[in-house]
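Q: Submitted below is the structure of interest, expressed as structure tokens.
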Amino acid sequence: MTNKPQMAKPQTAGRRDMPGLDEGDDQTFAMITALASELAMARERIDTLERLLAKAGTLDEGAVEAYVPDEDAAKARGALRQRLIGKVFRPIREAAMRRAAKTTSNQGA
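Right, dumping it as structure tokens:
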């Protein structure tokens, strides 16, 4: 019987600092990670839907490419897009807010 080293379970929630990165690189890394996470989830959902629809025979070939969203769908997509943009750019926005707060507190001293 061999003792294999136990690997720690990856953390799946929350923000973790990356040692050795300056603030700009850390922000860029956080943005890329958030975007990759969103893309991976979306691709999984799309794959699931396409497989289910193909299995049921309810989706014609080329239907996805030919689809034109109605007004409600376009609004919903716009809201999702804004949420994604907010999540991706959150690290830069938060860093700017920290710098502004630091500048303001230094000016008041």
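Each number in the numbering used here corresponds to the 1-based position in the sequence shown with 461 added.
For every residue, glycine included, the Cβ atom is placed at its ideal position computed from N, Cα and C.
1) Can you grab the Cα-Cα spacing for the pair Ala534 / Asp487, in whole Å?
2) Where do the ends of the alpha helix (DSSP H) carrying Leu482 lie?
3) Can you have a look at Pro552 and say buried or exposed, based on whether 16 or more other CB atoms are within 10 angstroms of its CB?
4) Report all residues from its chain with a CB closer than 7 Å to the CB of Tyr528; omit the five preceding and five following residues, and keep chain order.
A: Considering the structure as presented:
1) Here residue 534 corresponds to residue number 73 of the sequence shown, with the count starting at 1. Here residue 487 corresponds to residue number 26 of the sequence shown, with the count starting at 1. So the two alpha carbons sit approximately 35 Å from each other.
2) Residue 482 sits at position 21 when you count from the first residue of the sequence shown. No alpha helix (DSSP H) contains Leu482, which DSSP labels as neither H nor E.
3) Position 91 of the sequence shown, counted from the first residue, corresponds to residue 552. Pro552 should be labelled buried.
4) The sequence position of residue 528 within the sequence shown is 67, counting from 1. Result list for Tyr528: empty, nothing under 7 Å.
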